[in-house]
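Undergrad: Residue numbers (numbering that gives the first Met the number 0): 0 to 1009.
I have a structure I would like to understand better, so I am pasting it below and will then ask my questions one at a time.
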Amino acid sequence: MADIWKPAPEPESELARYRILSPTAGIRVSPLQLGAMSIGDSWSSFMGSMDKETSFKLLDSFVEAGGNFIDTACNYQDEQSEAWIGEWMAARRNRDQMVISTKYTTDYKSYALGKGKAPNHCGNHKRSLHMSVRDSLKKLQTDWIDILYLHWWDYTTAIEEVMDSLHILVQQGKVLYLGVSDTPAWVASAANTYARAHGKTPFSIYQGRWNVLTRDFEREIIPMARHFGMALAPWDVVGGGKLQTKKALEERKKAGEGLRSLTGHGQTEDEVRMSEALAKVAAEHGIESVTAIAIAYVMSKAPYVFPMVGGRKVEHLKDNIQALKIRLTPEQIAYLESVKPFDVGFPNNFIGEDPHVTGKAVGLLAANASLSWVRSPEAIGPRAERTPLTRQNLTAAEDRIRRLEEAFAELLPDANVDEILSSRENGTPQALPQQNPAPVPRPRVAMSPGRTVPRDSASPGAEETLPQKPDGFDWVEETTFSGISDGMAALSIKPEGTGYLGSTSSVMPLRALLVGNLGVDSLNQVPINNSAMDTAEFSGQFPGPTAPLPGYSENFFIDAYFRYYHTTYPFLHEQTFRAQYEGQSPRPRGETWPILVNTVLALGAWNIGEEDSTMDDTFYHAVNRHMQDTSVFEVGNLALVQALLLLSNYTQKRNKPNTGWNYLGLAVRMALSLGLHKEFPGWKISDLQREMRRRVWWGVYIFDSGASITFGRPVLLPEISIMDANQVLNIHEEHLTSTTTSVPNEIASPTVYSSLIAQSKLHEATNPIYHRLISNPPPAAHELLSLQQPIDLWEASIPPYFQLDNPDVQQHDAFILARYRLIWRAANLRIILFRPIVLRWAARRWTAQDIPEAEDPEEEQCRQLCLQSARETIASISQYMTTNIPSKLGSWYMLYFLFQAGLIPIIFLITTSTSPSAPSWLDDLRVTKDLLSYAAITNRLAGRCLEVIDRFCAMLLDAEQPEAMLQDPSLFNDVHSMFVGEYGDGMDFLDWSNFGLQPGTLMPLSPGDT
C-alpha cells in the first residue's frame, strides 16, 4: 500500500506505452495491433504457412514486447486463427491482459459445409451475428469479446437491425466495444447517428485499407472518425509486403521467399518508387526499415491510429516496433506523398481543409472575418525525453520562468503575458503593444534613387549607386526591421542599410534594370519575413527565441545536419563529432564545443524546417550566449574555425549577409593563424588530423572566394603561390578515422568530397579572373574571350566518375545536386564575364545612342556566349527539377542560379523583340516563370523574383498570341523609356552598362554557395 502513488516504471519498449483507444472507448491498448490473419496454416497456398508453434512464438514475442492488442476474424485461416489464439491464451492464462478484437459478416463455414450451403453464416443480419459471436466465444475460449467489428457492409441489412442487434450483445456483456470495417463512410456515419439518437452503442473504431500509396482514408473516413470520436485501425499499411527495398527483395529471393499478397505478386512501378522513397527517409532516421517508416507515416496523419502489423517472423515484429520511435518531419511527409500525388476530390479540394485541423481559415471563411477556434487533437508522437521531476529541477524551472517574466515586463511593460499566451492557444497570436524604445542606430532609406557619381577611371567599378548620407553603408542585422536584407541583398535595389555591394555583386543587374520608375521602392520595401528571428514589424512584435517543436531530440537535428548539409559541405568528421557529442571522445575546450554543437543543431533544424519554421532559433541564440561568455578574438583552434565557417553559412541563409561576412572574415584570419593553408609534411600529427586541416582550409577557401564575388568585394585570401596545403582526398569518410594506421588510397568514384575538390579547383582557376574584372582598366571583348579558357580547362579536368551521366552519381541525391551545381556555376561564371557587353549593347539600343552600323564581331561573340550560358542554365535547372525532388538546399540553389540566368533572355527580348530568335527567348522566359511559380508555392523570395519577371514582360506573357506580338517593334517602348534620363540623355542606364553580372543571390545563401 505504501507505493500506491508511486509512478509506474518506464516501459522497456514503446509498444508497452499504452494508449486510450478513442474518445468514445476508454480501454487501454498497445499502439500497434498484431494482425492475426497469418496465424494458422489453412491458407498456406496463397499466404504462406505458419504452424501452431511458430504462431505461439510470435504471440509470445508480441506480449513480451508490451503488446496487448490482437485482431482476428471469424473466418481467418478457416477458423484456425481464433482457435489458436484461444488455445494460446488458455495455455498462457493471460486472457485478462489481452484486448481481443474479432469480426463477423464473412462466410466462415463454407470450407466445412460446402460452397453455397452456409447462406446464414454470412452477412450483417442478426442470425449471422448470433452464430458468429457464439462460435467466436467458443474458439477464443473467453466469455467476452473486447471489440467486435462488422467486417464489411453487405448492403442488404438495415442499419437499424445492425445497430439494435449489436447493442444487445453489449448489454449482455458478450461484447464491450463496437467497430466497423471496410464500410462506406456514409453508412458508418448513418449508423452512429442512429445509435446516438436512440441510445444505442456506437462504433468506436474504424478498420480499413490505408497506406502511403492508398490514401482514400483522407477523403471521408478520417473526417468521419474525427467527428464521431472513432479510432482508426489501418490494414495493409506496408502494402501487403510489397513496400520493400531492392536489398530486401534480393534477400527474400535468396531465401526462397517471394512476395505473398492477397492482391497479386510482384511490385508495381508505384510500389518500387515508393519503396525507394521510404528507404531514403529511413536512412535519414538512421535505420534501414522501410516498413517502420510506412507505419510511422499513417500514425503521423491523425490521432488515435492503431496500425495492424502482421508478418510471420519475430524479426518482422521487432522491425515494425521501430516505428513508435520515429517522428516524420513535414518535409518528409510531403516528400513521400509527392511520389504518388493524391487528389482528395470534390468538394474537399474546392472548399478547402477543416481549419480545426490545419489551423488556417481558407476561401470564403477567411474572407469573411478574423476568427479563432480550438484546434483538433494532433497525432501522438514519440515520447520526448523528459527532465526528471526532482525538486532541484523544479526550482531551476521556476527560477527560469521568473527571470523570463521579469525580462518580458522590462522589455514590454504594457503587455499582458496571460492574454498573449491565451491568444496563441486560440490560434490567433495577439500583436504586442506598441512600445517606444530608444531608436536603434540604423541607416535611413532614401525615398528617391541615388544618382551615380562618375570618377575619372573607366573601370567597371567606377560608377556605383551611392547612398545619400555619409553613414549610408552602415548596417544593423541584429533585428531586421525594414525587411530589405535578403540573405545576399540581390533584391536590395537601394544602397542604404545593406553594406557596400561592389560592381560584380548580385544586385547590380537589377539596379541597372530598375533604376527608372519600374517600382524600385516597392521591391525594396517588401519584407521577406523568413523567420521570427529576422523580422519584427514596428507594431512591437518581439523576436524572442522559440523552442524547437516538442518531441524533437537534438540527435534528430544532428542526423538532419549530416544527411542534408554535410553531404554538401563536409567540414566535420561525422564519427568524431558524434563520439564527442556522446561524451566518448574529448571535446574542444572552453566555449568552443557548445558554439560548434549549437551551430550544427541550427543548420540541421534549418535544413528540415519550412520557410516560416523557427526551430533553429533556439540553437542560434545559444550560440550568441556562449559567444558572449567568451571572446572568440582571444582563442583559436580548428573546432572554432569550423564553427565560424558554418555560422557564416547559417546566418547568410537567415537573412544576415553582413553578419555572415564578418563570421567568415574571422574564420579566414583564424585559419591563417593556425597555418591551415600550409601542409607542414614534417609535423607528427595523425593522418585524420592532417586531412581535417585540409578539409577545413578548402572550405574556408571556397566560402570566402564565393562571398567576395557575391558582394563585389576584394578577395583577401593568400595567393596560390603562398598556399601549399594539399587538396583533400577523394575517399569515403569512414575509410579514414582516428584508428586508421595508413592513408587510404583515393578512389575513382564519387564521394562527399568530390564536390569540394572540384569547387576549390574552380575557385583556384577563376579567382584571377575575378581580380581582373574588378581591376582598371576594364577588359575588352578580346580579353574577355581569353579569360574563359581557365573555365574550359577546369570543366575538362572533372574526372569521368563525377560526370552527371555516371551511374554512381545518379544513385545519390547529394551527388546529383553537387554535379548540377557545378554545371550551373560554370555557366554563371561565363555570364559574369560577358554580361558587361550585353548591357552596353542593350543600352545603346534602348537610348538610341552611338549605335554602330555593324557590331564588333568579338563583342557579338561575347554577347552570344552570355546568352548561351544563360539558356543552358535554364534548361539544366528545368531538367533537374523534372527528374529530382529537391531538398531545401537544392531549392535554394535552383532559385539562386535561375533568376540571374533568366534576366539575360529578358534583356535580349526587350532589346530586339523582332529578332528571328525571339520566340526561343520567349520559351526561356516561360520556363523561367514556370519554375519560379513552382518555387513560389513555398518560398516568398521566389514570389518576389516572379514579380520582377512580370513587371518586365507581363504584357507579353499574358497575351493570347505572344509570338505574334513579337513582330511589333514598339512592343517594349514603354520599358525602354524607363531607362532614359530626365533630360533624355540615358545617363541612368548607361551608368550601369559596364557592370558585370554576378550569379544572383536571391535567397539567404552562404558565401561559399556562389
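For every residue, glycine included, the Cβ atom is placed at its ideal position computed from N, Cα and C.
This one's a predicted model, so the numbers in the text were calculated from it and none came from an experiment.
For the beta strand (DSSP E) that contains residue 1021, what are its first and last residues?
TA: Because residue 1021 is not part of the residues shown, which for the chain are 0 to 1009, the question remains open.
Undergrad: Tell me whether residue 372 counts as near the ligand ADP, meaning its Cβ is closer than 8 Å to at least one heavy atom of that ligand.
TA: Only the bare structure without any ligand can be found here, which leaves the ligand ADP out of the picture.
Undergrad: According to DSSP, is residue 295 part of a helix, a strand, or is it coil?
TA: It is helical.
Undergrad: Grab me the residues of residue 309's own chain with a C-beta within less than 7 Å of its C-beta, minus the 5 sequence neighbours each way, in chain order.
TA: Excluding residues within five positions, the ones whose Cβ falls inside 7 Å are 34, 36, 37.
Undergrad: Output needed for residue 457: all residues of its chain with C-beta closer than 7 Å, excluding positions within five of it in sequence on either side, in chain order.
TA: Any answer about residue 457 is weak, because its pLDDT of 36 lies below 50 and its placement is not dependable; what the coordinates show is given next. Correct list, in chain order: 776, 777.
Undergrad: In whole angstroms, give me the CA-to-CA distance for residue 898 and residue 67.
TA: Roughly 57 Å separates the two Cα atoms.
Undergrad: Quick test of your reading: residue 1010 and residue 861, contact by CB under 8 Å. State the CB separation rounded to the nearest angstrom.
TA: Because residue 1010 is not part of the residues shown, which for the chain are 0 to 1009, the question remains open.
Undergrad: Starting from the C-beta of residue 768, find all residues in its chain whose C-beta is less than 6 Å away, skip the five residues before and the five after it, and write them out in chain order.
TA: If we look at residue 768 and ignore the five residues flanking it on each side, its Cβ neighbours are 786.
Undergrad: Thinking C-alpha only, which one of 32, 907, 716, 356 is nearest residue 859?
TA: Selected option, being the one with the closest Cα: 907.
Undergrad: Determine the direct distance from the alpha carbon of residue 962 to that of residue 344, and round the result to whole angstroms.
TA: One C-alpha to the other measures close to 37 Å.
Undergrad: Ignoring anything shorter than 4 residues or poking outside the segment 331-414, list the alpha helix (DSSP H) runs there in chain order.
TA: Segments of the alpha helix (DSSP H) lying fully in the segment 331-414: 347-350, 354-357, 362-367, 390-410.
Undergrad: Kindly list the residues whose CB is nearer than 8 Å to the CB of residue 609, restricted to its own chain and excluding five residues on each side of it in sequence; keep chain order.
TA: Same-chain partners within the cutoff: 329, 330, 937.
Undergrad: To which residues does DSSP link residue 231 through a beta bridge?
TA: Paired residues: 205, 304.
Undergrad: Can you name, in chain order, every residue of its own chain whose Cβ lies under 6 Å from the Cβ of residue 590, other than the five neighbours on each side?
TA: Within the same chain, residue 590 has close Cβ partners 625, 628, 629.
Undergrad: Is DSSP giving residue 68 helix, strand or coil here?
TA: It is a strand residue.
Undergrad: May I have the straight-line CA-CA distance separating residue 191 from residue 27, to the nearest angstrom?
TA: In a straight line, the C-alpha of residue 191 is about 22 Å away from that of residue 27.
Undergrad: Going by C-alpha to C-alpha distance, which of 909, 571, 306 sits closest to residue 596?
TA: Among 909, 571, 306, the Cα nearest to that of residue 596 is on 571.
Undergrad: Start and end of the alpha helix (DSSP H) containing residue 796?
TA: Element bounds for residue 796: 788-796.
Undergrad: Is residue 17 helix, strand or coil when you go by DSSP?
TA: Coil at residue 17, not helix or strand.
Undergrad: Taking C-beta to C-beta, are residue 307 and residue 32 nearer than 9 Å?
TA: Yes, these two residues count as a Cβ contact at 9 Å.
Undergrad: With distances taken between CB atoms, is the gap from residue 203 to residue 178 smaller than 9 Å?
TA: Contact: yes.
Undergrad: Alpha carbons only, please: which of 762, 753, 774 is nearest the one belonging to residue 800?
TA: Nearest C-alpha to residue 800: 753.
Undergrad: Take residue 817 and list the residues in its own chain whose beta-carbon comes closer than 6 Å to its own, dropping the five residues that flank it on each side.
TA: Within the same chain, residue 817 has close Cβ partners 754.
Undergrad: In this structure, how does DSSP classify residue 634 when only helix, strand and coil are distinguished?
TA: Residue 634: coil per DSSP, three-state reduction.
Undergrad: Tell me whether residue 32 sits in a helix, a strand or coil according to DSSP, three-state version.
TA: DSSP places residue 32 in strand when its eight states are reduced to three.
Undergrad: Does the beta carbon of residue 825 sit closer than 9 Å to a beta carbon anywhere in chain D?
TA: Of the protein chains in the structure, only one exists, and it is not chain D.
Undergrad: If you pair each beta-carbon of the segment 643-661 with each one of the segment 675-693, do three or more pairs fall below 8 Å?
TA: These segments do not touch.
Undergrad: Where are the beta strand (DSSP E) runs, 3 residues long or more, that stay fully inside the segment 565-606, in chain order?
TA: Here no run is fully enclosed.
Undergrad: What span of residues does the alpha helix (DSSP H) with residue 557 cover, start to end?
TA: Unbroken alpha helix (DSSP H) run through residue 557: 553-559.
Undergrad: Go to residue 180, then tell me how far its beta strand (DSSP E) extends in each direction, as first and last residue.
TA: Unbroken beta strand (DSSP E) run through residue 180: 174-180.
Undergrad: Please determine if the segment 336-350 and the segment 280-291 are in contact, where contact requires at least 3 C-beta pairs separated by less than 8 Å.
TA: Result no; under three Cβ-Cβ pairs closer than 8 Å.
Undergrad: Should residue 198 go down as buried or exposed, given a rule of 16 or more other Cβ atoms within 10 Å for buried?
TA: Residue 198 is exposed by the Cβ-count criterion.
Undergrad: Hey, could you find the ends of the beta strand (DSSP E) residue 855 is sitting in?
TA: Run containing residue 855: none; DSSP gives neither H nor E here.
Undergrad: Would you call residue 232 buried or exposed, if buried means 16 or more other Cβ atoms sit within 10 Å of its Cβ?
TA: Flag for residue 232 reads buried.
Undergrad: Starting from residue 144, trace the alpha helix (DSSP H) in both directions and tell me its first and last residue.
TA: Segment 144-149 is the beta strand (DSSP E) holding residue 144; no alpha helix (DSSP H) there.
Undergrad: Would you call the CB atoms of residue 147 and residue 100 closer than 9 Å?
TA: Against a cut-off of 9 Å, the Cβ pair of residue 100 and residue 147 comes out as a contact.
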